[in-house]
Amino acid sequence: MAELKLMKGNEALAEAAIRAGVDAYFGYPITPQTEIIEYLMMEQPEKRTGMVVLQAESEVAAINMVYGAAGTGKRVFTSSSSPGISLKQEGISYMAGAEIPAVVVNVVRGGPGLGTIQPSQADYFQSVKGGGHGDYKLYVLAPASVQEMADFVEDAFDIAFKYMAPVLILSDGLIGQMMEKVYLKEQKPRWTDEEIYKMHNDWATFGRKNGRERNIITSLDLKSEKMEKRVHRLYKKYAQMEEEDLRYETIQCEDAEYIIVAYGSSARIAQKTVDLARAKGIKVGLLRPITLFPFPKKQLMELTKQVKGILSVELNTGQMVEDVRLAVEHKVPVEHFGRTGGIIHTPEEILEALQQKLIKG
Amino acid sequence: MTEELIIAGFGGQGVLSLGKILAYSGILQNQEVSWMPSYGPEMRGGTANVTVILSDERISSPYLKLFDTAIILNQQSMDKFESSIKPGGILIYDPNGITIHPKRKDIHIYQIDANKLSSEMGNKKVYNMVVMGGYLKVKPVVQLDNVVEGLKKSLPERYHNLIPLNVEAIQKGMDNLVTINEVSVLN
């Protein structure tokens, strides 16, 4: 049976990882993400499931530990916050290129640079437009509650292994630091060596058995024809993600004349804006992308048939708004509203912006 | 029922744990809860605040501009949050160290001298539970037996012997709340 607890988002994610039977975590502390590594260290999952938890000497070391351990077919993850995620980009790009399944968690804080420790969504571009170098994308899950922080760990691993690709959980300081009630699933066993052998013997590097050819994990292909093929193979997977694994939620969109598009913490805040607007007789709905890549492009285009305008609400100066505009091809006005630098917008501020930018304008 | 509450004071006063115990108590009576701290470079002596929402329905925004109730435990928080209470809402404050008292006439205002009351009990650590008592007296959003269960969940087991003292502190708070201003509508 599921267990009910009051937990911070960061703690819930850490506990859910143990219960999902994850094999290892490599990380380095940084606010507002530190509770993940702190919880794992305190909980000592090596005694519960044999899961390895290690504080690396740096973020760069941690992501390369993930690369190495994930290359053995085990389920491995790392977490950090914005500046630390920047440091991890090289490793993420290598894993995308080498087609290694792993999970990376970003509990975003304000930037650029060391920025601030307060919540932000300014890493949207970094998350969905690459981040590291080269032709690749990440499947990006954006939790909007403590429950989703817990649930998305297993979902992220499922996707990572389905597509043999790194997956990003994009949270922020608000969702990471807040406490809500959370239903935790029962403990699942870690994969046994036999199971890993059966599932991953065709690619993983855990030692050759029965004289099979050696498996090579690399992102390097000096023959351009082969490299192009590899990139096309990656993009075929991304197309399949768009077909099969898009996730989004709509709230009161059926009769909406205006739509707010928001993810993560902004989606939670904007939900209250919808209520405030409807109390004033303004028909507002909310479309929440749960995956930022794939992005609900068709759903947005569909909504242009009924709405007069769209407001993209993000804790940044306007990043996702570009994808919203691309999706709706200028069929309706699309505006952006968002506070940045660690300031969190209030539901009232969002309503005011919607009225000024879309209704009066 | 939805209660949107802010608790604000100094770090070390037990602001965050008061919120956590309330949230746990809410869970025990099947409410939806959220607990959103002002995290940051706070420390003992600095300011700390937490937004707690208890509701029978799914909670939308955990971050708010206006509150049904504000529990204010220092002057800085009074300056910041007196204007953030909804008309008809409730302000409960500890008069200790308050030099500029609240001026609003459209809200209920109560004082709880938790500093003095907890000193009298010989354990200043129950300060926040005296405040809890004062709050539950005007806003019984959670039942006392659920608070006791909430305490058990929030406190490490080695402190469970202190639960009767905490309950006594809650009672003390309930008995010593002073009314400063009341308006006709209770929000």
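Quick mapping for you: the protein sequence lines, in order, are chains P and X. The numbering of the first sequence is the numbering used here, which starts it at 91 and goes up by one. The numbering of the second sequence is the numbering used here, which starts it at 12 and goes up by one. Think of the CB as a built atom: it goes at the ideal place given N, C-alpha and C, for glycine as much as any other residue.
Other residues of its chain near residue i: CB distance less than 7 Å, five sequence neighbours each side excluded
{"i": "V230 (chain P)", "result": "S217, V218, L258, L260, T381, L382 and F383"}
{"i": "Q122 (chain X)", "result": "Y104, P106, V189 and I191"}
{"i": "I38 (chain X)", "result": "V44"}
{"i": "V321 (chain P)", "result": "D225"}
{"i": "S309 (chain P)", "result": "Y184, G187 and A188"}
{"i": "L103 (chain P)", "result": "I126, V195, M239, A240 and V243"}
{"i": "N305 (chain P)", "result": "W293, A294 and T295"}
Opening and closing residue of the alpha helix (DSSP H) in which residue i lies
{"i": "I174 (chain X)", "result": "I174 to D186"}
{"i": "K288 (chain P)", "result": "D283 to H290"}
{"i": "P437 (chain P)", "result": "P437 to L444"}
{"i": "G322 (chain P)", "result": "The residue asked about is misnamed: residue 322 (chain P) is His in this sequence, not Gly. Start and end: S314 to E334."}
{"i": "F296 (chain P)", "result": "No alpha helix (DSSP H) holds F296 (chain P); DSSP gives it neither H nor E."}
{"i": "V411 (chain P)", "result": "M410 to V418"}
{"i": "K178 (chain P)", "result": "S172 to A188"}
{"i": "D241 (chain P)", "result": "V236 to Y253"}
{"i": "V141 (chain X)", "result": "Y138 to V149"}
{"i": "E105 (chain P)", "result": "G99 to R109"}
{"i": "N85 (chain X)", "result": "N85 (chain X) -> no alpha helix (DSSP H), and no H or E assigned at all."}
Residues near residue i by beta carbon distance below 8 Å, same chain, minus five either side
{"i": "V422 (chain P)", "result": "T394, V397, K398, G399 and I400"}
{"i": "V414 (chain P)", "result": "V351, L390, I400, S402 and V424"}
{"i": "P386 (chain P)", "result": "L336, Y338, L377, P379 and A417"}
{"i": "V364 (chain P)", "result": "I341, Q342, I350, V374, G375 and L376"}
Residues near residue i in its chain [Cβ-Cβ closer than 6 Å; skip 5 each side]
{"i": "F251 (chain P)", "result": "P191"}
{"i": "I120 (chain P)", "result": "S170, S171 and G174"}
{"i": "A496 (chain P)", "result": "Summary: the structure shown does not reach residue 496 (chain P), with chain P confined to residues 91 through 451, and so no result is reported for it."}
{"i": "K327 (chain P)", "result": "Y253"}
{"i": "I449 (chain P)", "result": "none"}
{"i": "E149 (chain P)", "result": "Y118, S170, G174, L177 and K178"}
{"i": "V411 (chain P)", "result": "S402 and H426"}
{"i": "T407 (chain P)", "result": "T430"}
{"i": "A36 (chain P)", "result": "Nothing can be reported for residue 36 (chain P), as the shown portion of chain P is limited to 91 through 451."}
{"i": "K164 (chain P)", "result": "D113"}
{"i": "V142 (chain P)", "result": "A114"}
Cβ distance (whole Å) where residue i is taken to contact residue j below 8 Å
{"i": "M185 (chain X)", "j": "G144 (chain X)", "result": "4 Å"}
{"i": "D117 (chain X)", "j": "V194 (chain X)", "result": "6 Å"}
{"i": "N100 (chain P)", "j": "Q123 (chain P)", "result": "6 Å"}
Residue j beta carbon less than 9 Å from that of residue i
{"i": "A255 (chain P)", "j": "P379 (chain P)", "result": "no"}
{"i": "D241 (chain P)", "j": "G354 (chain P)", "result": "no"}
{"i": "S193 (chain P)", "j": "T162 (chain P)", "result": "Per the sequence shown, residue 193 (chain P) should be read as Val rather than Ser. No. Outside cutoff."}
{"i": "R115 (chain X)", "j": "I96 (chain X)", "result": "yes"}
{"i": "Q409 (chain P)", "j": "F215 (chain P)", "result": "yes"}
{"i": "I83 (chain X)", "j": "F92 (chain X)", "result": "yes"}
{"i": "L405 (chain P)", "j": "P209 (chain P)", "result": "yes"}
{"i": "P202 (chain P)", "j": "S71 (chain X)", "result": "no"}
{"i": "L96 (chain P)", "j": "K31 (chain X)", "result": "yes"}
{"i": "M268 (chain P)", "j": "P73 (chain X)", "result": "yes"}
{"i": "K319 (chain P)", "j": "R109 (chain P)", "result": "no"}
{"i": "G20 (chain X)", "j": "T58 (chain X)", "result": "yes"}
Residue span of the beta strand (DSSP E) that contains residue i, given as start and end
{"i": "K31 (chain X)", "result": "Segment V26 to L39 is the alpha helix (DSSP H) holding K31 (chain X); no beta strand (DSSP E) there."}
{"i": "P505 (chain P)", "result": "This structure cannot speak to residue 505 (chain P), because chain P is shown only from 91 to 451."}
{"i": "S215 (chain X)", "result": "Outside the modelled stretch of chain X, which goes from 12 to 198, sits residue 215 (chain X), for which no answer is possible."}
{"i": "V218 (chain P)", "result": "Note, V218 (chain P): premise wrong, no beta strand (DSSP E); alpha helix (DSSP H) at Y214 to V218."}
Item to check | Contact residues within the stretch 66-90 of chain X, judged by C-beta distance below 8 Å to chain P | outcome: I70, S71, S72, P73, Y74, L75, K76 and L77
Checklist entry - Between the stretch 266-298 of chain P and chain X, which residues of the former have a C-beta closer than 7 Å to a C-beta of the latter? => result Q267, M268, M269, E270 and K271
Checklist entry - What residues from the stretch 98-127 of chain P come within 9 Å of chain X, judged by C-beta to C-beta, listed N to C? => result Result list: K98, T121 and P122.
Checklist entry - Just by C-beta distance, which residues in the stretch 391-420 of chain P are closer than 8 Å to chain X? => result none
Item to check | Residues in the stretch 34-49 of chain X having any Cβ partner in chain P nearer than 8 Å | outcome: A34, Y35, I38, E43, V44, S45, W46, M47 and P48
Checklist entry - Using a Cβ cut-off of 7 Å, which residues of the stretch 356-372 of chain P contact any Cβ in chain X, in chain order? => result Within the stretch 356-372 of chain P, the residues whose Cβ lies closer than 7 Å to any Cβ of chain X are, in chain order, R358, I359, Q361, K362 and D365.
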